[in-house]
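Read through the structure below, which is laid out as structure tokens, and then see the notes.
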Amino acid sequence: MAEDFQHPVVLICGGPAPDEKAIEYIPTPSTLIAVDSGLDHARSLQLKPDLLIGDLDSISTSGLQWAYQQEIEVKEFPSDKDKSDFELALDYARGASNRLLAIGSDSGRVDQLFGMIAALASVAPYFEACHALIGKTYCTFTSSGANIYRKNGANVSVFAMGGIAEGVSLQGFRWGLSEATLLPGSSLGLSNELNEDIGIISVEKGTLVAIQPDSI
0 MAEDFQHPVV LICGGPAPDE KAIEYIPTPS TLIAVDSGLD HARSLQLKPD LLIGDLDSIS
60 TSGLQWAYQQ EIEVKEFPSD KDKSDFELAL DYARGASNRL LAIGSDSGRV DQLFGMIAAL
120 ASVAPYFEAC HALIGKTYCT FTSSGANIYR KNGANVSVFA MGGIAEGVSL QGFRWGLSEA
180 TLLPGSSLGL SNELNEDIGI ISVEKGTLVA IQPDSI
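Note that the sequence shown ends on residue 215 in numbering that gives the first Met the number 0; no numbers are left out.
Set out below in structure tokens:
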């Protein structure tokens, strides 16, 4: 991948399996965390996680046995809890690296997908780089600024997350912005295009997500 993304924490999420090409986006070295049945997905991608975390209600029996055989650290939580397995993994990631990549699928439950995106936006201020590969869609979350690299296509949508985003600027895009205000739900940043190989998004107050569909 083109980004300067050294030694991140990589979360392999549960639910439906991620795209097989997702492995190409995992830098070496990385700290790999399997989120419950994400361990089964990691195995199918021939990855050995450093940690398995969750209530372990969806991981396969063979996957859990393999984790213990491989002496993978396991953090098990009760099923009745106030945080999702994904949020628990994010809590751990915050203490392990200032760079984050979450890998999941876009073919599962909409509520789970929405919760994943909202959770990533909420922790973006704690990371120097915060990304997600959801199916074939690449997402970049930032509360300051980030480079957006052209991938398979030039399409990029930019949205405010969790509240109003102020001082929003876009450089290297077909439709640029300069210290603009983005409201949650506004389509102002929808379906923009990169004019260059690298675009820059920045925000003075709030959080942005840049979404690049069909990235792999």
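Note that beta-carbon positions come from the ideal geometry of N, C-alpha and C, so glycine has one too.
Residue i (DSSP reduced to helix, strand or coil)
i, result
"M0", "Because M0 sits at a pLDDT of 48, beneath the cut-off of 50, its placement in the model cannot be relied upon, and the point is left open."
"H6", "coil"
"K20", "helix"
"R98", "strand"
"A41", "helix"
"S186", "coil"
"S156", "strand"
"G14", "coil"
"G53", "strand"
"F172", "strand"
"L46", "coil"
"E72", "strand"
"T60", "helix"
"G205", "strand"
Bridge partner(s) assigned by DSSP for residue i
i, result
"A117", "DSSP lists no partner for A117."
"N146", "I199"
"Y137", "L132, Q211"
"V167", "A179"
"T30", "V8"
"K80", "Bridge partners of K80: none, in fact."
"G103", "I133"
"E127", "For E127, which the question treats as bridged, DSSP gives no partner whatsoever."
"L87", "Answer by DSSP bridge pairing: none, since L87 is not bridged."
"N191", "V155"
Expected contact under 8 Å - CB spacing of residue i and residue j to nearest Å
i, j, result
"L119", "A131", "6 Å"
"R98", "A128", "4 Å"
"D54", "S78", "5 Å"
"G188", "L181", "6 Å"
"S96", "H6", "6 Å"
"A66", "C12", "That pair is no contact at about 16 Å."
"G14", "S104", "6 Å"
"K218", "I52", "No information on residue 218 is available, as it lies outside the stretch 0 to 215 that the chain covers here."
"I71", "L50", "7 Å"
"E178", "K204", "The Cβ separation is near 11 Å, so there is no contact."
"I58", "D35", "5 Å"
For residue i, the nearest candidate out of the options (CA to CA)
i, options, result
"H40", "T30, L50, E19, P26", "E19"
"L169", "I163, S143, I200", "I200"
"Y24", "P48, Y137, Y91, F85", "Y137"
"Q68", "G94, D81, P48, E86", "P48"
"Y125", "T27, I71, F140, D213", "F140"
"D155", "T206, G171, A16, R93", "Looking at the sequence provided, one finds Val at residue 155 rather than Asp. Nearest C-alpha to V155: G171."
"G144", "A123, I133, A153, D90", "A123"
"A209", "S177, A159, G184", "A159"
"I32", "K135, D81, R93, L207", "R93"
"P26", "V8, S185, V34", "V8"
"A212", "A153, E86, V34, I116", "It is worth fixing the name first, because residue 212 is Pro in this sequence and not Ala. The shortest C-alpha separation from P212 is found at A153."
"V202", "G134, L87, V157, I215", "V157"
"G198", "S186, R173, P183, G184", "R173"
"K82", "S186, M115, F4, S106", "M115"
"P28", "F4, Y91, F85", "F4"
Chain D contact for residue i (CB, 8 Å cutoff)
i, result
"E203", "Here chain D cannot be found, since the structure has a single protein chain."
Note to self: With three or more beta-carbon pairs closer than 8 Å as the criterion, would you say the region 145 to 157 touches the region 182 to 197?
What the structure shows: yes
Closer than 8 Å is the cut-off here; do at least three beta carbon pairs connect the region 54 to 74 with the region 26 to 44?
yes
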